[in-house]
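Colleague: The following block contains the structure, expressed as structure tokens.
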Ligand code: MSP
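Numbering (our numbering), first residue to last: 1 to 653.
Pasting the structure below:
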């Protein structure tokens, strides 16, 4: 049987889970369910990271023993995953006996292989991130404090006698692995970040602490406890039996994908692979680093005080809607603002209007004209054949995208098909067929739509298991979601249907709710004056809707880019082809209609403003990935440029 091993990061138990930690877990769940539906034997792992200074400190602040804090909070994570219907196959805790033994075994092996030595660490440490930083990596506050470049909090200067891991020894092997496996780390801009670090050279890593007791003792020297990240990363192998149960271990390892947030990429893409190389184990097949859920552009996190409890939304809208929103509206891989208003928009339009309503209309007609029994697909007309072809293409693309973890795009393709199904319904005009008494044709049209919805429900069951199960049950299918239902037609012929309530209920925004949404948008938001204006106009919902809110604007990814080269597009008077440097987003080609205003040579080196997340387009057959901004009036045009020097790729907001 095909196997699939997928993991989430294990979560720190210093605070309760919030929507940010739920995000990775929900996505892991979607991929695990998807693979199960496709016939894979799946192992989905999540758990909690319970050692280290951060947890020790949190316990001290609460006046409890660290173990007690861990027990309480691990339980909270487990409960939330249950409420969110997460189908993890195992929940690992790093205070588990077996895990602790495995960590000691693993570290001993690294030592036997000559990869660990004793030295003194003097440098900076960020407790919230449990990360060592070099001086030149730090940021600084206005009053001169040294800040962590990841979480922006103050770092500590520490000096300790430590054991070190010879990470530098694996610099070359890692580079080789990256080159030979171009998809090892995704998305590619995250891979490039890792490559840059490798190209500038890895330093050895301190892997023990002596000033801390809350950790796993170093096997040969128990005065030292093992660095929490080394301890934590080993969970991916200890959870599947390493080294005591090699049969199970060999069944699952290497992991097919480690899902992680972007801030912990180097631990997973550089340190973890080097540790595995050191003990001679194969590397995971892929590391996929996603972006952050933000509120007003700021990472959602407990310590920033902007945490959102997913339960609130699940209670209000149901699990399916929250899951759909998170992966459809927030592009998987990128940062995205969590907004209740957008969630409601997705619910009303994609789910209630396009999907649920189509099912509702179709089943109502089957009940009325065929006594609730699916009549079956008869002779096909041109329109029907096109629909079948469309489905085949959609299914194939959806599967390809899901297999590459492009969940947002996969859903986009599926909803395009749902849109086409609605068009098919309108063009085939079943209500006229019914009026004319053309039962044969009516039966074919209604059956085709029903079977198509059944297939959509199967494909999307990983994202919205409850509504898909409901659709299965309304169509008298009691079996589990399965890829077998994606093939062939007339599967449902003769089945009884249940019409039932609409699958998704539209939320009609009341004035009060609009005001509430505005209020929540306002919290901590900068342009106060604008917001207050908007609220004072709130009596008129329509005019409000015509304005865009800050979340909407933030969807446009504006960046500074440096023009590397420019040339004329052959046979075009207007177009120039530019190669631009977008910093962390890499190098891109864009085509711009500015040839009448600028000579190619005067553009090179300029810092311009670009919309970086525009869908690619072809202009005169040449691909353009993004758009530059320019101001135009009458027949004058001027490029928007950046006045003072700033790194290409800088975000504009
Ligand atoms: N314990 C480490 C991971 C060790 S894995 C061997 C850790 N824990 S964490 O609790 O701080 O974060 C775990 C993960 O939670 C992040 O990598 C990220 O996947 C997720 N998120 C936490 N806040 C998030 C957002 N606001 N948005 C999206 N994901 C976020 O790091």
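Think of the CB as a built atom: it goes at the ideal place given N, C-alpha and C, for glycine as much as any other residue.
If you're wondering where the values come from, they're calculated on a predicted model, not measured in any experiment.
Suppose you measure from the CA of residue 574 to the CA of residue 631; what does that come to, to the nearest Å?
Modeller: 16 Å
Colleague: State yes or no: is the C-beta of residue 232 nearer than 7 Å to some heavy atom of the ligand MSP?
Modeller: yes
Colleague: Grab the span of the alpha helix (DSSP H) containing residue 62 for me, first residue to last.
Modeller: 53-62
Colleague: What does the Cβ neighbour count give for residue 68, buried or exposed, with the cut at 16 atoms within 10 Å?
Modeller: exposed
Colleague: Which one or two residues does DSSP pair with residue 124 in a beta bridge?
Modeller: Looking at the DSSP assignment, residue 124 forms a beta bridge with 133 and 157.
Colleague: For residue 497 and residue 44, I'd like the C-alpha separation in whole angstroms.
Modeller: Cα atoms of residue 497 and residue 44: separation of roughly 34 Å, rounded to the nearest angstrom.
Colleague: Let's see if you can read the secondary structure: which residues bound the alpha helix (DSSP H) around residue 618?
Modeller: From DSSP, residue 618 is part of no alpha helix (DSSP H) but of the beta strand (DSSP E) over 617-619.
Colleague: Hey, would you say the C-beta of residue 12 is under 7 Å away from at least one heavy atom of the ligand MSP?
Modeller: yes
Colleague: Please tell me whether, using a cut-off of 7 Å, the distance from the CB of residue 24 to the nearest non-hydrogen atom of the ligand MSP is below it.
Modeller: yes
Colleague: Quick check on this structure: which residue in 411, 383 and 641 has the alpha carbon closest to the alpha carbon of residue 396?
Modeller: Closest by alpha carbon: 411.
Colleague: Pair every Cβ in the stretch 330-344 with every Cβ in the stretch 286-301, then say whether three or more of these pairs are closer than 8 Å.
Modeller: With a cut-off of 8 Å, the stretch 286-301 and the stretch 330-344 count as touching, because enough Cβ pairs lie within range.
Colleague: Do residue 158 and residue 215 count as a contact pair if the criterion is CB distance below 8 Å?
Modeller: no
Colleague: DSSP three-state label for residue 350, please.
Modeller: helix
Colleague: Would you call the stretch 128-142 and the stretch 159-167 touching, i.e. three or more CB-CB distances under 8 Å?
Modeller: no
Colleague: Taking the alpha-carbon of residue 71 as reference, which of 82, 81 and 59 has the nearest alpha-carbon?
Modeller: Of 82, 81 and 59, the residue nearest in Cα terms is 59.
Colleague: So, residue 338 versus residue 295, is the Cβ gap smaller than 8 Å?
Modeller: yes
Colleague: Say the cut is 7 Å; is the CB of residue 235 nearer than that to a heavy atom of the ligand MSP?
Modeller: yes
Colleague: Can you pull the DSSP bridge partners for residue 226?
Modeller: 208
Colleague: DSSP three-state call for residue 48: helix, strand or coil?
Modeller: strand
Colleague: Pull up the distance between the alpha-carbon of residue 228 and that of residue 133, whole angstroms please.
Modeller: 15 Å
Colleague: In the DSSP assignment, find the alpha helix (DSSP H) that holds residue 602 and state where it starts and stops.
Modeller: Per DSSP, residue 602 belongs to the alpha helix (DSSP H) from 600-603.
Colleague: Taking the CB atoms as reference points, tell me whether residue 422 and residue 354 lie closer together than 8 Å.
Modeller: For residue 422 and residue 354, yes; Cβs fall inside 8 Å.
Colleague: Give every residue of the same chain whose Cβ lies closer than 8 Å to the Cβ of residue 108, excluding the five residues on either side of it in the sequence, and list them in chain order.
Modeller: Contacts found: 219 and 220.
Colleague: Can you name the residues that DSSP bridges to residue 588?
Modeller: 580
Colleague: Comparing the CB of residue 292 with every heavy atom of the ligand MSP, is any distance shorter than 7 Å?
Modeller: yes
Colleague: Less than 8 Å between the CB atoms is what I'm expecting for residue 728 and residue 198, so what's the real figure, rounded?
Modeller: Outside the displayed range of the chain (1 to 653) lies residue 728, so it cannot be described from this structure.
Colleague: Does the distance from the CB of residue 351 to the CB of residue 454 come in under 8 Å?
Modeller: Result no, Cβ atoms of residue 351 and residue 454 do not sit closer than 8 Å.
Colleague: Can you say whether residue 90 is buried or exposed, counting buried as having 16 or more other CB atoms within 10 angstroms of its CB?
Modeller: exposed
Colleague: So residue 561 packs on residue 581, CB below 8 Å; how close in whole Å?
Modeller: 6 Å
Colleague: Give the secondary structure of residue 640 by DSSP, where H, G and I count as helix, E and B as strand, and everything else as coil.
Modeller: coil
Colleague: Quick test of the definition: if touching needs 3 or more C-beta pairs under 8 Å, does the stretch 228-247 touch the stretch 91-100?
Modeller: yes
Colleague: Candidates 205, 174 and 313: which alpha carbon is nearest residue 273's?
Modeller: Taking residue 273 as reference, the option from 205, 174 and 313 with the minimal CA-CA separation is 174.
Colleague: Just to confirm, are residue 418 and residue 449 a CB contact at a threshold of 8 Å?
Modeller: no
Colleague: Three-state secondary structure (DSSP) at residue 240?
Modeller: coil
Colleague: Alpha carbon to alpha carbon, how far is residue 550 from residue 301?
Modeller: 20 Å
Colleague: Buried or exposed for residue 428, going by 16 or more other Cβ atoms inside 10 Å?
Modeller: buried
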